[in-house]
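The sequence shown begins at -15 in the working numbering and counts up by one. All C-beta atoms in this analysis are idealised placements derived from N, C-alpha and C, irrespective of residue type, glycine included. Just so it is clear, the structure is predicted and the values come from calculations on it, not from any experiment.
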Amino acid sequence: MRWIAPRRSNASWWGRLLALLLGLATVLVVAEVGLRGVGFAARWAMEYRNREDPGEGWIRILCVGESTTAGLYPRILEQILREQSGYERIYVVNRGIPGADTSVILAGLETELDRWQPQAVVAMMGASDHGGAIPWDDLPLAERTGWTERWKVAKAIRYLAYTMRQERAGRVREAANTPVPLEPEVARSALEAEIQGNLAEAEARFAQARAEAADPVSLLVAWGGFLERHERFEEAQARLEEAVRLGPGNVEARLALGTFTRGQGRMRAAERIFREALEIEPNQARAWYLLGNLLVFRGRPEEARSCIERAVALDPSLVDGWLALVPLVRASEGDAALDDLVERALVANPESDTLLGLAAHHWLATGRTDEAEAAFRRANTIRLQWSRPMTVWNYQRMQRILADRGIELVVMPYPMRETEPLRMILGDAPGVTYVDHEDRFRTALAREGYDALFVDHCNGDSGHATVRGDTLLAQSAAEPLLDLIRSGAVAPSGAMNPTGGPPPPASRPGPRASGDRPPG
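Here it is as structure tokens:
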């Protein structure tokens, strides 16, 4: 009698499939919980570092700025101050806001001062006032759709895929969202109200101008930008979509909507909007740049390079386009290919301090020392010839706020930059100390190389700092702060200092340069 193997039932097959699916779902859920836990832990750790005021007898330093400040240098600064002052009850609060312009920083300053009651503030800000750089880890890397939009696992997979495809791309400078021109009185009055923190008044001026405008498209774009800056995203989207409806052929309105959409993480939709803008105006250089920059973060570097190269061919003055090409060219062809790129960028933009700084670092790394030194000097000279009104107003406003509260202000330029532009803004204002660390960074650069100090070229002659770069920043900030502590200008809170603390506060000194010991 022949033996016949029993047939497997459909129920058994479906049972195994169900078990497999349940197992996979369990793995995904566990991974999601783990990743969310990591994110929660990171946020908790940041707030723990910025712990509440522990009470009397502490020296509290508040660091404000953008993504460079949001890195490690405030933590290293705290360690240096404790070790070199001999006083343990010092802590440094990190209030760096990645991508923030000076208006955003100033809008929250008094709240931070009320919360932390610092005796000194270290400010390094202004780079984002002209479009600025958004940190790599603050931007989504691919389209988020449907139920996957909030899943950390999906983001992690996309991030891994991207880094495998473009390991050396680094951070790429975020597009400068150039404002659409408005009637001067509308733009000026709304901006002044916003800078003063009177947001209701600023919005009222936008609303009044909207009711009176015969062609409201540019006004709606500016209004949408105002709402986005203050995280009223649904209203901002409504204004920008209205601008596109009222001006279907207005490329600037469509680019503003695409930039906003990208910032909300809807990358595929943003790509579609940028391509629509190019259908309307195929030779719009900024549209090609924005599309290329987006494609970088979607993991399509070859297409990205083609778009950005077309952008700079159409508009060679597009500095951000040249900067964005650097990591793309380096990733595909190596550092040697940068010679031609840098030369072409400078021929088109001989007065760009950003590109001169970039060129100086490249030439220094390739042994062209004399040319590098000349480029550094030229870049610094150019910076003294212009200023951004927003940056000037906000630095001056910060100084007045701190002076009224009797808080010391330590002003620190970005690495490789001179202090002279900051001195031109604040002059001889009392209670201000200027940090001069250009020589410190240039010496380290010559000895250790650019990659040892910075991870990108977001500012041209500098970028987001490595741990080594953060250490140099901390050392630069520590020198004037130690002088202020030793002189008593910065002293622990409370009527009486604890044993071993610095002396009681002296009268507020005038402006100083770092390294100068005040009399006393």
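Extent of the continuous alpha helix (DSSP H) run through residue i
| i | result |
| --- | --- |
| I45 | Note, I45: premise wrong, no alpha helix (DSSP H); beta strand (DSSP E) at 43 to 49. |
| T52 | Element bounds for T52: n/a, residue is neither H nor E. |
| T86 | 86 to 91 |
| S477 | Taken as a continuous stretch (DSSP letters only), S477 belongs to no alpha helix (DSSP H), as it is neither H nor E. |
Residue i to residue j span [Cα, whole Å]
| i | j | result |
| --- | --- | --- |
| P300 | A329 | 7 Å |
| R426 | Y398 | 12 Å |
| G242 | D388 | 42 Å |
| I60 | E178 | 34 Å |
| M251 | S112 | 22 Å |
| L342 | A237 | 32 Å |
| W377 | S173 | 14 Å |
| E96 | A428 | 34 Å |
| E392 | P102 | 9 Å |
| R44 | G472 | 14 Å |
| R99 | A475 | 18 Å |
| A288 | V416 | 45 Å |
| A191 | E176 | 16 Å |
| Q248 | R352 | 43 Å |
| D354 | R431 | 16 Å |
| L307 | A104 | 35 Å |
| E265 | N234 | 9 Å |
| D319 | S290 | 19 Å |
| T129 | R282 | Its pLDDT being 30, under 50, T129 is placed unreliably by the model, and the measurement read from it follows with that caveat. Those two C-alpha atoms are separated by around 14 Å. |
N- and C-terminal bounds of the beta strand (DSSP E) containing residue i
| i | result |
| --- | --- |
| T350 | No beta strand (DSSP E) contains T350, which DSSP labels as neither H nor E. |
| G209 | Note, G209: premise wrong, no beta strand (DSSP E); alpha helix (DSSP H) at 201 to 213. |
| G231 | Taken as a continuous stretch (DSSP letters only), G231 belongs to no beta strand (DSSP E), as it is neither H nor E. |
| I74 | 74 to 80 |
| M108 | 104 to 108 |
| T417 | 416 to 418 |
| V296 | No beta strand (DSSP E) holds V296; the alpha helix (DSSP H) holding it covers 285 to 298. |
| E392 | 392 to 395 |
Close-in-space but distant-in-sequence residues of the same chain around residue i (CB under 8 Å, 5 per side omitted)
| i | result |
| --- | --- |
| N267 | L298 |
| G80 | C47, V48, G49, E50, S51, T52, T53, A54, G55, P58 |
| W42 | R73, I74, Y75, P476, S477 |
| R194 | P200, L203, L204, W207 |
| E62 | I45, I74, Y75, V76 |
Buried or exposed by the 16-neighbour rule on C-beta atoms within 10 Å, applied to residue i
| i | result |
| --- | --- |
| N182 | exposed |
| G209 | buried |
| L5 | exposed |
| L2 | exposed |
| E218 | exposed |
| L437 | buried |
| V395 | buried |
| M382 | buried |
| D420 | buried |
| P414 | exposed |
| M408 | exposed |
| L406 | buried |
| V451 | exposed |
| E187 | buried |
Cutoff 7 Å; reference residue i; Cβ partners in own chain excluding five residues on either side
| i | result |
| --- | --- |
| E505 | A question about residue 505 goes unanswered here, because the residues of the chain that appear run from -15 up to 504. |
| V332 | Note that residue 332 is Ala in the sequence shown, not Val. Closer than 7 Å at Cβ, skipping near neighbours: P300, S301. |
| L322 | V310, V313, R314, H346 |
| E260 | R238 |
| R246 | A254, L278 |
| H441 | L307, V310, L342, G447 |
6 Å CB neighbourhood of residue i in its chain, flanking five on each side removed
| i | result |
| --- | --- |
| D85 | S112, D113 |
| R66 | E72, I74 |
| N364 | E402 |
TODO: Mind the definition here: the stretch 329 to 340 touches the stretch 456 to 470 only if three or more C-beta pairs lie below 8 Å; say whether that holds.
DONE: no
TODO: Spell out a yes or no on whether the stretch 347 to 359 and the stretch 70 to 84 are touching, meaning 3 or more CB-CB pairs, one atom from each, closer than 8 Å.
DONE: The answer is no - the stretch 70 to 84 does not touch the stretch 347 to 359, with fewer than three Cβ pairs under 8 Å.
Open item on the list: Contact between the stretch 224 to 231 and the stretch 183 to 198 is defined here as three or more beta-carbon pairs at a separation below 8 Å; is this criterion met?
Closed with: Two segments are said to touch when three or more pairs of C-beta atoms, one from each, lie closer than 8 Å; by this definition the stretch 224 to 231 does not touch the stretch 183 to 198.
- [ ] Kindly confirm or deny that the stretch 449 to 456 and the stretch 90 to 107 touch, where touching means at least three C-beta pairs closer than 8 Å.
- [x] no
- [ ] Report yes or no: do the stretch 277 to 296 and the stretch 253 to 266 share at least 3 C-beta pairs separated by less than 8 Å?
- [x] yes
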